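Residue numbers (the working numbering): 5 to 185. All residues carry an ideal CB built from backbone N, CA and C; glycine is no exception. These numbers were taken from a predicted model, which means no experiment stands behind them. Below is one structure, written out as structure tokens; comments come after it.
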């Protein structure tokens, strides 16, 4: 694979594969946001859906998570992924739309509520809340804390580390170009 169009197509194929392959390294990339003080925050997320034609990624979250508050204030983020098998690093610049209601969220919740991860969104305590020794509150009302992050990929920075020479390229909706690694 040598041409920029073939590399970009392979990137999107690997991202789509990561949604369904629990062992793909890109299934759990790091999402970086900016907090209220302007400081960077990063955490591992799970890539849930990829729409290559629309250049969109979907990530699920507890609506009370800090990343949701960060994205409500500043809807830009960076997703960082590394694949040791491919020797590829991706940095994706994103514009994120939050879904806390509506059809887009309801259809995703219908699938999540049948999965083992449903409990991640029904906790009475917000992510990062201090735990005490008191009784655990009952689960929250169904879907009360489920949110979906719809991320438009604005730019992809691709880096291939190879013993015969590294390669780097940038892709966006309008152009692609080679970069110095």
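### Task
Please look up how many angstroms separate the CB atoms of residue 74 and residue 37, rounded, as I've assumed it's under 8 angstroms.
4 angstroms
### Message
Using only the alpha-carbon positions, how far apart do residue 174 and residue 52 sit?
### Response
24 angstroms
### Query
With C-beta atoms as the reference, is residue 98 less than 8 angstroms away from residue 163?
no
#### Entry: Cβ-based neighbour list, residue 9, same chain, cut-off 8 angstroms, excluding 5 preceding and 5 following
180
### Message
Considering only their Cβ atoms, is the gap separating residue 59 from residue 156 smaller than 8 angstroms?
### Response
yes
### Message
Using 8 angstroms as the cut-off, can you tell me whether the region 59–68 makes contact with the region 97–117, which would need three or more C-beta pairs spanning the two stretches below that distance?
### Response
yes
### Query
Does the distance from the C-beta atom of residue 20 to that of residue 87 stay below 8 angstroms?
no
### Query
Looking only at C-alpha atoms, which of 81, 91, 106, 134 sits nearest to residue 165?
91
### Task
At 3 residues or longer, and completely inside the region 104–183: list those beta strand (DSSP E) runs for me, N to C.
Listed in chain order, the complete beta strand (DSSP E) runs (minimum 3 residues) inside the region 104–183 are 150–164, 171–176, 180–183.
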